[in-house]
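**Q** Just add 3 to the spot in the sequence shown (first one is 1) and you have my numbering.
The beta-carbon is built from N, C-alpha and C at its ideal position, and this holds for glycine as well.
Bear in mind the structure is a predicted one, so any value in this text is a computation, not a measurement.
Take a look at the following structure, please.
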Amino acid sequence: MTSTLQVAEHDGSQDEGSSPKKNRDVWRGVRPPQIAEYDTLKKEKSSTKHFWEFQSGVCAPLTGMDSGADERGSYPRWVTSSGVAALILFLLCILLLAGIIGLSVHYIKVSSHYNSDYNDFTEERNLLKVSYNNMTEERNQLKASYNNMTEERDQLKASYNNLTEERDQLEASHNQLMEERDQLKASHNQLMEERDQLKASYNNFIEERDQLKASYNNLTEERDQLEASHIQMMEERDQLKASYNNFIEERDQLNETLHLWNSGWIKFGSSWYLLSDQKNTWTASREDCLKRGAHLVIINSEAEQRLLHGLSGSRNTHIGLHFIKMEKTWMWFDDGPSRKIINS
Numbered sequence: 004m005t006s007t008l009q010v011a012e013h014d015g016s017q018d019e020g021s022s023p024k025k026n027r028d029v030w031r032g033v034r035p036p037q038i039a040e041y042d043t044l045k046k047e048k049s050s051t052k053h054f055w056e057f058q059s060g061v062c063a064p065l066t067g068m069d070s071g072a073d074e075r076g077s078y079p080r081w082v083t084s085s086g087v088a089a090l091i092l093f094l095l096c097i098l099l100l101a102g103i104i105g106l107s108v109h110y111i112k113v114s115s116h117y118n119s120d121y122n123d124f125t126e127e128r129n130l131l132k133v134s135y136n137n138m139t140e141e142r143n144q145l146k147a148s149y150n151n152m153t154e155e156r157d158q159l160k161a162s163y164n165n166l167t168e169e170r171d172q173l174e175a176s177h178n179q180l181m182e183e184r185d186q187l188k189a190s191h192n193q194l195m196e197e198r199d200q201l202k203a204s205y206n207n208f209i210e211e212r213d214q215l216k217a218s219y220n221n222l223t224e225e226r227d228q229l230e231a232s233h234i235q236m237m238e239e240r241d242q243l244k245a246s247y248n249n250f251i252e253e254r255d256q257l258n259e260t261l262h263l264w265n266s267g268w269i270k271f272g273s274s275w276y277l278l279s280d281q282k283n284t285w286t287a288s289r290e291d292c293l294k295r296g297a298h299l300v301i302i303n304s305e306a307e308q309r310l311l312h313g314l315s316g317s318r319n320t321h322i323g324l325h326f327i328k329m330e331k332t333w334m335w336f337d338d339g340p341s342r343k344i345i346n347s
C-alpha cells in the first residue's frame, strides 16, 4: 500500500517581522524506517494470516541519526499520522469482521444446506421405510389373497363337480316329472269332469241346506217358546214348592204348639215355659230340662219375671240362677251378671 506522508522537521530559525512558523518538508514516495520495517514484517507474516496490532498511533523517535541535527543538539522525530493509522486499523477490523461474517454466513449456508439435505434424506428414509412396510404388508395380503383364491378355486371345482352331478340328477328328475305331468294332465281332465258333477251335487246340497236352515229356524223358534214355557212352569213349580214347604212348616209348628199346649207348656213371646210338678234338686231339675231340649229359665225382663211369678204362685221353683261359693255371688246360667229380681 503506497501513500503520501507528511513529516515535520523543527527548525529554530524565524523570519524577522513574521510570526513563528514551522518549516514543513514534504516526503513523497518515501516511507519512514519504522513504517518500512512494519511493512517488511507484515509481508513476512502475511503467509501465517496473523494480524499485527499497533499499541499507539505514534512511532518511536529515531536515535543515532546525526544528519540534520540542529545546532542545539536535538534530533528530529518522525511521527506517523494518527488518522491514517486509525483508518488502517479500522479497515483491518472491517476486513476481519467481514471475513468472520462471511465465514459465518458461509457456515450457516453450508450448515443449512447440510441440515436440509439431512432432513430430506431422513424424510426419504422414513418414506422408504413406510413404503417398505406397506409393500411388505401388501405382499402378505397378496399371499393371503392368493391362498384364499386357491382355496376358493378348489371349492369352486368341488362345487362344479357337485353341480354337474346335480344337473344329471335334475335331468333324470325332469324326465320323470315330464312323465308325471302327462299323467297329471290325464288325472286333471278326469278331475274336471268330477268337479262338474260335484258342482251339480253342491248346488243340490245348497238348496237342501237352505230348506234345512228354514226348518232349523222354525224349530229354534219353537224351542225358544218351549224353553220360555218351561222356565215359567219351573218358576210356578218352585213357588208351589215354597208354598207347600211353608204350609208344612206351619203345620209342624201348629202340631208342636198343640203338643206343647197339651203337655202343659205356655207360650210367652217367642219362648215356651213349663212348670214341672216334680220336686227335684237344682241339678236334677237342670238335667230334666236338658232332656226335654230346654234349660232352666233365665229371666231377661220384668214381664218374663211376672209371668213366672204368676205360674209358680207361692211354690218354690228352680231357675237358671246359681250361687258361686268361691266368689260368693249369684250368677245366671248364661254367665251373665245377676239381675234385679222383682219381689211381689
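So, helix, strand or coil for Ser232, using DSSP?
**A** Note: Ser232 maps to helix in three-state DSSP.
**Q** Could you confirm whether any beta carbon from chain D is found closer than 8 Å to the beta carbon of Leu311?
**A** Among the protein chains of the structure shown there is no chain D, as only one such chain exists.
**Q** Between Glu259 and Trp335, what straight-line distance do the alpha-carbon atoms span, to the nearest angstrom?
**A** Computed Cα separation, rounded: 28 Å.
**Q** So what does DSSP say about Lys202, is it helix, strand or coil?
**A** Correct three-state label for Lys202: helix.
**Q** Rounded to whole angstroms, what is the Cα-Cα separation between Gln186 and Ile209?
**A** About 33 Å.
**Q** I believe Gly323 touches Leu299 by the beta-carbon criterion, under 8 Å. Please report the beta-carbon distance rounded to the nearest angstrom.
**A** That belief holds up - the Cβ atoms of Gly323 and Leu299 are roughly 4 Å apart, short of 8 Å.
**Q** Here's the rule: buried if 16 or more other CB atoms are within 10 angstroms of the residue's CB, otherwise exposed. What is Gln308?
**A** Gln308 should be labelled buried.
**Q** Can you tell me which of the three DSSP states Trp268 falls into?
**A** Coil.
**Q** What's the C-alpha gap between Gln200 and Ala231?
**A** Straight-line Cα distance between these residues: approximately 46 Å.
**Q** In whole angstroms, what separates the C-alpha of Ala287 from that of Gln235?
**A** Roughly 58 Å separates the two Cα atoms.
**Q** Taking the alpha helix (DSSP H) that Ser274 falls in, what are its first and last residues?
**A** Per DSSP, Ser274 belongs to no alpha helix (DSSP H); it is in the beta strand (DSSP E), 274 to 276.
**Q** With the cut-off set at 8 Å, would you say Leu261 and Leu314 are in Cβ contact?
**A** For Leu261 and Leu314, no; Cβs fall outside 8 Å.
**Q** What do you reckon, are the CB atoms on Leu243 and Phe271 nearer than 8 Å?
**A** For Leu243 and Phe271, no; Cβs fall outside 8 Å.
**Q** Run the CB neighbour count on Ile302, radius 10 Å, all protein chains shown included, and call it buried at 16 or more, exposed below.
**A** Answer is buried; the Cβ neighbour count reaches 16.
**Q** Taking the alpha-carbon positions, what's the Leu94 to Val108 distance?
**A** If I take the Cα positions, the gap works out to 20 Å.
**Q** With Thr320 as the anchor, note down where its alpha helix (DSSP H) starts and where it stops.
**A** Per DSSP, Thr320 belongs to no alpha helix (DSSP H) and is neither H nor E.
**Q** Looking at the unbroken alpha helix (DSSP H) that takes in Thr286, where does it start and where does it end?
**A** Unbroken alpha helix (DSSP H) run through Thr286: 285 to 294.
**Q** Taking Ser266 as the reference, which of Thr284, Leu159, Arg295 has the closest Cα?
**A** That would be Arg295, whose Cα lies nearest to the Cα of Ser266.
**Q** Let's test the definition: count the other Cβ atoms within 10 Å of the Cβ of His321 and tell me whether it reaches 16, buried, or not, exposed.
**A** With 16 or more Cβ atoms within 10 Å of its Cβ, His321 is classed as buried.
**Q** Grab me the residues of Trp285's own chain with a C-beta within less than 6 Å of its C-beta, minus the 5 sequence neighbours each way, in chain order.
**A** Correct list, in chain order: His321.
**Q** Tyr135 to Tyr117, Cα distance in whole Å?
**A** Straight-line Cα distance between these residues: approximately 26 Å.
**Q** With DSSP collapsed to three states, give me the class of Leu194.
**A** In the structure shown, Leu194 sits in a helix (DSSP, three-state: H, G or I).
**Q** So what's Ile301 in DSSP terms, helix, strand or just coil?
**A** Coil at Ile301, not helix or strand.
**Q** What does the alpha-carbon distance come out to for the pair Ile251 and Ser218?
**A** Whole-angstrom Cα-Cα distance: 48 Å.
**Q** CB Tyr276 to CB Trp264, shorter than 8 Å?
**A** No, the Cβ-Cβ distance between Tyr276 and Trp264 is not below 8 Å.
**Q** Quick check on Ser119: does DSSP put it in helix, strand or coil?
**A** Three-state DSSP puts Ser119 in a helix.
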